[in-house]
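With positions in the sequence shown counted from 1, the corresponding number in the working numbering is that position plus 6. Heads up, the beta-carbon is just placed ideally off N, CA and C, and yes, glycines get one too.
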Amino acid sequence: FGLSNFTAWQVTLIHQLCKQKGYILPTVYQGMYNAITRDVVRELLPCLKALNIAFYAYNPIAGGLLSGRYNFEQTEQDGSRFDAKTGFGKIYRQRYWNNLFFESVEKMTKVAKEHNLTLIESALRWMTHHSGLGPQDGIIIGASSLAHLESNLNDLEKGPLPKEVVEAFDEAWEHVRVACPAYFKDAASAAETSAASKKA
7 FGLSNFTAWQ
17 VTLIHQLCKQ
27 KGYILPTVYQ
37 GMYNAITRDV
47 VRELLPCLKA
57 LNIAFYAYNP
67 IAGGLLSGRY
77 NFEQTEQDGS
87 RFDAKTGFGK
97 IYRQRYWNNL
107 FFESVEKMTK
117 VAKEHNLTLI
127 ESALRWMTHH
137 SGLGPQDGII
147 IGASSLAHLE
157 SNLNDLEKGP
167 LPKEVVEAFD
177 EAWEHVRVAC
187 PAYFKDAASA
197 AETSAASKKA
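Here it is as structure tokens:
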């Protein structure tokens, strides 16, 4: 079975409890990861590797932010991922709608263009070749059309990025690190997991 949005210590606890009880062990974790949202690298990815749990990354283009189609001054994106009138839109705005992120996206876009690359292509190729993902891990992609899906799959098959692009992405990450959303849910979920472990 799989896990999602748990802290590294919660994953360890769940794995330990399953092992003690003779239950099926978790084999995959779905988590948020992209070039400007790298919180999972700090402790989660090493934890999963130690427990032999695969990591499947969602939001590889930061909910569309790394498509380059948005700017910080926009207030209405009807029907989009960042539509403030929807529940998911509010979540995504809270997650990514920060001036630091848009400053980073602008710099990333500039460097990508200098190498005749689109930002979205660069973001996907970064996930494939320059992220902390291993052979057993995966990337969850979405698409609004067949052409969009084919384009994303094609980009994922391309080779590593130029050194200058990778360096620009790393600089962008350092710029937004302080505003990076946590890879796990709020403290309430942690309390629930702790209480469940005591009952077990």
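query	result
Should Y29 go down as buried or exposed, given a rule of 16 or more other Cβ atoms within 10 Å for buried?	exposed
Check whether the Cβ atoms of H294 and V184 lie closer than 7 Å to each other.	The chain is shown from 7 up to 206; residue 294 falls before or after that span and cannot be answered.
Quick check: the Cα distance between K25 and L31, rounded to an integer number of angstroms?	7 Å
Using a threshold of 7 Å, state whether the C-beta atoms of A41 and W132 are closer than that.	yes
Indicate the three-state DSSP secondary structure (helix, strand or coil) for I20 in the structure shown.	helix
Does the pairing of the segment 98-107 with the segment 61-76 give three or more beta-carbon distances under 8 Å?	yes
If the criterion is Cβ atoms closer than 7 Å, does the pair A129 and L72 meet it?	yes
Let me know if T33 comes out buried or exposed under the rule of 16 or more other beta-carbons within 10 Å of its beta-carbon.	exposed
Please list, in chain order, all residues of the same chain as K164 whose beta carbon is under 6 Å from its beta carbon, the five residues on each side excluded.	R131
If contacts are defined as beta-carbon pairs under 8 Å, then G74 and T115 qualify, I think. What distance do you get, rounded to the angstrom?	5 Å
Taking all protein chains shown into account, do 16 or more other C-beta atoms lie within 10 angstroms of the C-beta of A178, making it buried, or fewer, making it exposed?	buried
Rounded to the nearest angstrom, what separates Y76 and D84 at their Cα positions?	13 Å
May I ask you to report which of helix, strand or coil DSSP gives F190?	coil
Which parts of the segment 22-104 are runs of the alpha helix (DSSP H), unbroken and 4 residues or longer, counting only runs that do not cross its ends?	45-48, 50-56, 93-102
So, using beta-carbon positions, are F190 and T13 closer together than 7 Å?	yes
For A188 and G37, I'd like the C-alpha separation in whole angstroms.	10 Å
Give me the Cα-Cα distance between T134 and I147, rounded to the nearest whole angstrom.	12 Å
Given T124, which residues of its chain have a CB within under 7 Å of its CB, disregarding the five upstream and five downstream residues?	A118
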